[in-house]
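Remarks on the structure that follows.
Protein chains: 2
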Amino acid sequence: MRTVLIIGLGRFGKHLALRMAELGNEVMVVDTDEAKVEEMLPFVTRAQIGDCMNEKILRSLGVTNFDFCFVAIGDNFQASLEITSQLKELGARYVIAKADRTIHEKFLLRNGADAVIHPERDAAMRAARAYGARNVFDYLELTEDFSVIEVAVPDSWAGKSIGELRVQSKYNVNIIACKIGGKIRPVAGADYVLSKEQHIIIAGNADKCAIIPELP
Amino acid sequence: MRTVLIIGLGRFGKHLALRMAELGNEVMVVDTDEAKVEEMLPFVTRAQIGDCMNEKILRSLGVTNFDFCFVAIGDNFQASLEITSQLKELGARYVIAKADRTIHEKFLLRNGADAVIHPERDAAMRAARAYGARNVFDYLELTEDFSVIEVAVPDSWAGKSIGELRVQSKYNVNIIACKIGGKIRPVAGADYVLSKEQHIIIAGNADKCAIIPELP
Ligand SMILES: Nc1ncnc2c1ncn2[C@@H]1O[C@H](COP(=O)(O)OP(=O)(O)OP(=O)(O)O)[C@@H](O)[C@H]1O
Ligand SMILES: Nc1ncnc2c1ncn2[C@@H]1O[C@H](COP(=O)(O)OP(=O)(O)OP(=O)(O)O)[C@@H](O)[C@H]1O
């Protein structure tokens, strides 16, 4: 269980607060909008009306007590930047700010944000991967050199088992699941036999993963 | 390589178009805003100025030729709903619409959208998982019963190898990577020895994964 502070109850901030609370974390929310704050009262640990551009108010929140502080203000670039920077100066342990534009992201990272979330661009990147390339549906790029992707089973692999193909030792990727008829099932055995009717979900270095769709 | 139609060059639509094009797909974009369309000309296959609420214009795009059609209009609920529904009536193979609110999503799915993307809520869900629970950083829930999560190494596992612990056969999860000092490295060998300084990234059924953080 963690303690989190969420400043700003726009769509991102509100969904974040509700989900965090649902997962059993201690959630405090702050917003200038009274109606938005009142709406959250039944669901979160603490909900306060306040303008976080006001340093006194920000100080009174006791920001050092939170595991994470989120600045979920998108539209008002100045507010989001000032509040992020102020939180860090007051000793916040870890500040995550929401950005709407790439330039916004750069400023935030240079001025107190430990991490930045950019919902539209992140969603666009995922969609481009998932719907874009033939045979490859990227679920996740954990880092630039580690991915989890879904690929069609190469023809030469059909009818063979994972152990027989020596997938791990030969290609340096892990087959972690298969997808049949849209349903994903974990795969955890070397004697699992692959077939053309399924897709496999592989994990490993992005370049190593990229080899698989190219196999005969 | 796929052919995609993207209607609406807001932040999501624009990032999607650029990334899709970067990945080598054929991209056509349409927007009412001349400046936005012109900005995309160097990067995409075709860029057209047009109001997609106008059925003639929509028809002229030849929507059946595209693998995927994206309706990337968030603010104007009516426009996004009408265009989505119209695309389906004109025979579009697969329509993906962007939603800003949950009620919006429901209407879209009932009126022609094969899939809906909800950037703020999706980002909030991921952030809640990643930053919310102790010892567990959920990267991904591929389905309700398959997850990829990051956990601390249980004390009783420290100093032992993955093969020695018989992780796969005993717990039915795959250790696919480890995270040391913030960097993620793929793990693809049974003789890999675990230590307390790292986190491990495990994949498998969500209930099976949940057992791991509880181990002594
Ligand atoms: N100085 C401030 N102190 C506290 N709350 C603030 C402050 N400035 C803005 N807010 C609140 O932040 C919330 C989110 O802001 P806004 O709607 O501008 O961002 P947004 O990026 O459009 O949100 P989203 O995209 O998540 O819906 C609003 O509810 C607003 O009242
Ligand atoms: N009928 C229409 N035909 C073509 N383009 C349209 C139409 N209506 C709106 N658009 C375009 O769609 C784009 C996105 O719309 P809007 O900015 O309202 O959505 P948004 O959800 O706020 O975008 P984002 O969150 O992705 O930045 C705008 O560039 C707008 O010009």
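Going down the list, the protein sequences come from chains Y and V. Each residue of the first sequence is one higher than the one before, starting from 1 at the first, in the working numbering. Each residue of the second sequence is one higher than the one before, starting from 217 at the first, in the working numbering. Don't be surprised by glycine CBs; every beta carbon is placed ideally from N, CA and C. Source: prediction; values computed, not measured.
Range covered by the alpha helix (DSSP H) that runs through residue i
{"i": "Ala72 (chain Y)", "result": "It is not in any alpha helix (DSSP H) - Ala72 (chain Y) carries neither H nor E in the DSSP assignment."}
{"i": "Val253 (chain V)", "result": "Glu250 to Met256"}
{"i": "Ala374 (chain V)", "result": "No alpha helix (DSSP H) contains Ala374 (chain V), which DSSP labels as neither H nor E."}
{"i": "Arg326 (chain V)", "result": "Thr318 to Arg326"}
{"i": "Gly91 (chain Y)", "result": "No alpha helix (DSSP H) contains Gly91 (chain Y), which DSSP labels as neither H nor E."}
{"i": "Leu23 (chain Y)", "result": "No alpha helix (DSSP H) contains Leu23 (chain Y), which DSSP labels as neither H nor E."}
{"i": "Gly163 (chain Y)", "result": "Ile162 to Leu165"}
Boundaries (first-last residue) of the beta strand (DSSP E) holding residue i
{"i": "Met28 (chain Y)", "result": "Glu26 to Asp31"}
{"i": "Leu188 (chain V)", "result": "There is simply no residue 188 (chain V) to check, as chain V begins at 217 and stops at 432 in what is shown."}
{"i": "Lys314 (chain V)", "result": "Val311 to Lys314"}
{"i": "Ala440 (chain V)", "result": "Within the shown structure, residues of chain V are numbered from 217 to 432, placing residue 440 (chain V) beyond reach of any answer."}
Same chain, Cβ closer than 6 Å to residue i, neighbours up to 5 away in sequence not counted
{"i": "Arg262 (chain V)", "result": "Met244"}
{"i": "Val409 (chain V)", "result": "Ser377"}
{"i": "Arg218 (chain V)", "result": "Asn241 and Asp283"}
{"i": "Lys412 (chain V)", "result": "Val369 and Ala374"}
{"i": "Cys425 (chain V)", "result": "Ser363, Ile365, Val389 and Ile418"}
Beta-carbon proximity of residue i to residue j, cut-off 8 Å
{"i": "Ile312 (chain V)", "j": "Phe286 (chain V)", "result": "yes"}
{"i": "Ala340 (chain V)", "j": "Arg19 (chain Y)", "result": "yes"}
{"i": "Ile202 (chain Y)", "j": "Ile176 (chain Y)", "result": "yes"}
{"i": "Asp338 (chain V)", "j": "Tyr310 (chain V)", "result": "no"}
{"i": "Asp75 (chain Y)", "j": "Arg227 (chain V)", "result": "no"}
{"i": "Ala72 (chain Y)", "j": "Lys88 (chain Y)", "result": "no"}
{"i": "Gln264 (chain V)", "j": "Val253 (chain V)", "result": "yes"}
{"i": "Val148 (chain Y)", "j": "Val364 (chain V)", "result": "yes"}
{"i": "Asn390 (chain V)", "j": "Asn174 (chain Y)", "result": "yes"}
{"i": "Gly420 (chain V)", "j": "Pro186 (chain Y)", "result": "yes"}
{"i": "Met40 (chain Y)", "j": "Ala17 (chain Y)", "result": "yes"}
{"i": "Pro335 (chain V)", "j": "Glu120 (chain Y)", "result": "yes"}
{"i": "Leu61 (chain Y)", "j": "Asp33 (chain Y)", "result": "no"}
{"i": "Val246 (chain V)", "j": "Ile223 (chain V)", "result": "yes"}
{"i": "Arg59 (chain Y)", "j": "Leu90 (chain Y)", "result": "yes"}
Same chain only: Cβ atoms within 7 Å of residue i, ignoring 5 sequence neighbours per side
{"i": "Asn327 (chain V)", "result": "Leu297, Thr300 and Ser301"}
{"i": "Asn351 (chain V)", "result": "Because Asn351 (chain V) carries a pLDDT of 49, less than 50, the predicted location of this residue cannot be relied on, and the following value inherits that uncertainty. Correct list, in chain order: Val367, Ala368 and Pro429."}
{"i": "Gln384 (chain V)", "result": "Asn390"}
{"i": "Ala406 (chain V)", "result": "Ser377, Ile378 and Gly379"}
{"i": "Ile273 (chain V)", "result": "Gly266 and Asp267"}
Close-in-space but distant-in-sequence residues of the same chain around residue i (CB under 8 Å, 5 per side omitted)
{"i": "Trp157 (chain Y)", "result": "Leu165, Leu194 and Leu215"}
{"i": "Glu271 (chain V)", "result": "Gln302"}
{"i": "Cys394 (chain V)", "result": "Ile400, Arg401, Val403, Tyr408, Leu410, Gln414, His415, Ile416 and Ile417"}
{"i": "Ala344 (chain V)", "result": "none"}
| query | Counting only runs that start and end within the stretch 383-430 of chain V, where is the alpha helix (DSSP H) found for 4 or more residues in a row? | reply | Positions of the alpha helix (DSSP H) runs, each at least 4 residues long and wholly inside the stretch 383-430 of chain V, are given as 383-387 and 422-427 in order along the chain.
| Length at least 4, wholly inside the stretch 260-304 of chain V: the alpha helix (DSSP H) runs in chain order | List check, alpha helix (DSSP H) in window: 271-276.
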